[in-house]
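Taking it in order: structure first as structure tokens, then the write-up.
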Amino acid sequence: MKHNFLIISDDKIVIDQKISKILSDIPFKEREIVKYDMSDTLISSMIEELDTYNFLSFCKVVICYNCAFLEGEVNKEIKYLKKYLLNPSDNYLIMVATKISEKKEIREMLSKDIEIIDSGISSEVLVKKNLESYTMDNRTVKFFVDYCLGNNEKILNELEKIKTYKMDDIDKNITVQDIEKIAIREYDENIFDLVNAIAKRDKNKMFDIYLRIVRNEKDIVNVVASVSSQLRMLYSVKILYSYKLSVNEMASIINVKPRAISIALENCDNFSCQRLLFLLNELADIDYKSKSGIASGDVLFEAFLMSV
384 MKHNFLIISD DKIVIDQKIS KILSDIPFKE REIVKYDMSD TLISSMIEEL DTYNFLSFCK
444 VVICYNCAFL EGEVNKEIKY LKKYLLNPSD NYLIMVATKI SEKKEIREML SKDIEIIDSG
504 ISSEVLVKKN LESYTMDNRT VKFFVDYCLG NNEKILNELE KIKTYKMDDI DKNITVQDIE
564 KIAIREYDEN IFDLVNAIAK RDKNKMFDIY LRIVRNEKDI VNVVASVSSQ LRMLYSVKIL
624 YSYKLSVNEM ASIINVKPRA ISIALENCDN FSCQRLLFLL NELADIDYKS KSGIASGDVL
684 FEAFLMSV
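This is the structure in structure tokens:
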């Protein structure tokens, strides 16, 4: 078994699962685990920890989160890591990064006795792996993943609630109706649903979601701002896509999950850039009039939904 690992992921659930698997494979059960956030820790401090032995345990596992130093340029600190990897200790190193640099020196360094674990597990696979004795057809799995916006932590939490709800049922098949009944929708997710309904011009669904939102969010100004933000994201995705950028590249630029970009791309075909700008101007007008007291924001926004 190798002693040095690099996990490439930005998903907490996946990272935790990969670290648990590595720890379970380490033959020594008596070990010291040390954790570092590398956004505020020097690489030299990490190396010093790896080179230090604890006489009360057989080995030490040093887990380093946020290893952004692997994403950029080669510097003096990285050279400490490079030197260490040429002659590593018997302790274990687990690094976590969202991506790795294309720089040749970093790529060559990471090829030295490091097991690279690219977390390419999809949310759909995660759902299927955790169904246990329950079933869910492929279409429902996709609906559930979209319903949770591809957030694996939320997917697992909501899946456990649904399984508990279905526990006493003879039929262990999980349906869309089960998901909609049990899985909780947060405010941002409801806004996401509303914009999807606007994209599809589904007025019945628009008003169902709108009423669901205003039951909890009484200030229409916040709703208008949230819908505007989602439409601006759609506009950004449409522009970035014209430059042939990948989903992951767009997600990194806009700072959202790749799943949100994938869904946005599906909706982009329903809008021209001119139409998106028109809707954004309409929402800006509603914002101004409601804040100025010229007209009721609720009435203006409902009229906006009717006109889409």
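Each residue of the sequence shown is one higher than the one before, starting from 384 at the first, in the numbering used here. Don't be surprised by glycine CBs; every beta carbon is placed ideally from N, CA and C. This structure is a prediction, so every number in the text was calculated from the model and none was measured.
Close-in-space but distant-in-sequence residues of the same chain around ILE446 (CB under 6 Å, 5 per side omitted)
Contacts found: LYS418, ILE477.
Among the candidates VAL639, CYS651, ASN474, MET429, whose CA atom is the shortest distance from the CA of TYR463?
With distances taken between Cα atoms, TYR463 lies closest to MET429.
Pairwise C-alpha distance: ILE553 and ASN535:
Each residue's Cα considered, the two are about 27 Å apart.
CB of ASP670 within 8 Å of CB of VAL606, strictly
One thing to note: ASP670 has its Cβ no nearer than 8 Å to the Cβ of VAL606.
With a cut-off of 8 Å on the beta carbons, I'd call LEU662 and LEU614 a contact; round off their distance for me.
The Cβ separation is near 6 Å, so the contact holds.
Are the beta-carbon atoms of ILE646 and ASP520 separated by less than 8 Å?
In terms of Cβ geometry, ILE646 and ASP520 do not form a close pair [threshold 8 Å].
Answer with buried or exposed for CYS531, where buried requires no fewer than 16 other C-beta atoms within 10 angstroms of its C-beta.
Residue burial annotation: CYS531 is buried, with at least 16 other C-beta atoms found within 10 angstroms of its C-beta.
Range of the contiguous beta strand (DSSP E) that encloses CYS656:
Run containing CYS656: none in the beta strand (DSSP E); it sits in the alpha helix (DSSP H), 656 to 675.
Grouping DSSP H, G and I as helix and E and B as strand, with all else coil, what is VAL639?
In the three-state scheme derived from DSSP, where H, G and I count as helix and E and B as strand, VAL639 is classed as coil.
Alpha carbon to alpha carbon, how far is LEU539 from VAL508?
Looking at the two C-alpha atoms, the distance is approximately 12 Å.
Distance, TYR475 Cα to GLU485 Cα
Each residue's Cα considered, the two are about 25 Å apart.
Grab me the residues of CYS656's own chain with a C-beta within less than 7 Å of its C-beta, minus the 5 sequence neighbours each way, in chain order.
Here the set comprises TYR618, LYS621.
Would you kindly report the start and end of the unbroken alpha helix (DSSP H) that includes MET492?
Looking at the DSSP string, the run of the alpha helix (DSSP H) that includes MET492 is 487 to 493.
Which residues in the same chain have their Cβ closer than 7 Å to the Cβ of ILE603, if we skip the five residues on either side of it in sequence?
Excluding positions up to five away in sequence, the list reads SER673, GLY680, ASP681, PHE684.
Here's the rule: buried if 16 or more other CB atoms are within 10 angstroms of the residue's CB, otherwise exposed. What is LYS466?
When all chains shown are included, LYS466 counts as exposed.
For VAL691 and VAL610, what's the separation of their Cα atoms in angstroms?
If I take the Cα positions, the gap works out to 13 Å.
Is LEU539 near the ligand ATP - that is, is its Cβ less than 7 Å away from at least one heavy atom of it?
Here there are no bound small molecules, and the ligand ATP is not part of this structure.
Once you ignore the five residues that flank LEU692 on each side, which residues in its own chain have a CB closer than 8 Å to its CB?
With the chain running from 384 to 691 in the structure shown, residue 692 is simply not present.
Suppose contacts are defined by Cβ-Cβ distances below 8 Å. Is GLU515 in contact with LYS482 by that definition?
Taking 8 Å as the Cβ cut-off, GLU515 and LYS482 do not qualify as a contacting pair.
Cross-strand partners of ALA566 (DSSP beta bridge):
Paired residue(s): none; ALA566 is not in a bridge.
On a CA-only basis, which of ASN387, LYS583, ALA480, THR547 is nearest LEU688? Give me that one, please.
Of ASN387, LYS583, ALA480, THR547, the smallest CA-CA separation from LEU688 is found for LYS583.
Simplified DSSP assignment, three categories, for LYS418
Looking at LYS418 - three-state DSSP - the assignment turns out to be strand.
Beta-carbon separation of ALA566 and GLU543 under 8 Å?
Going by C-beta atoms, ALA566 is not nearer than 8 Å to GLU543.
Where the alpha helix (DSSP H) through ALA686 begins and ends
ALA686 -> alpha helix (DSSP H) spans 680 to 690.
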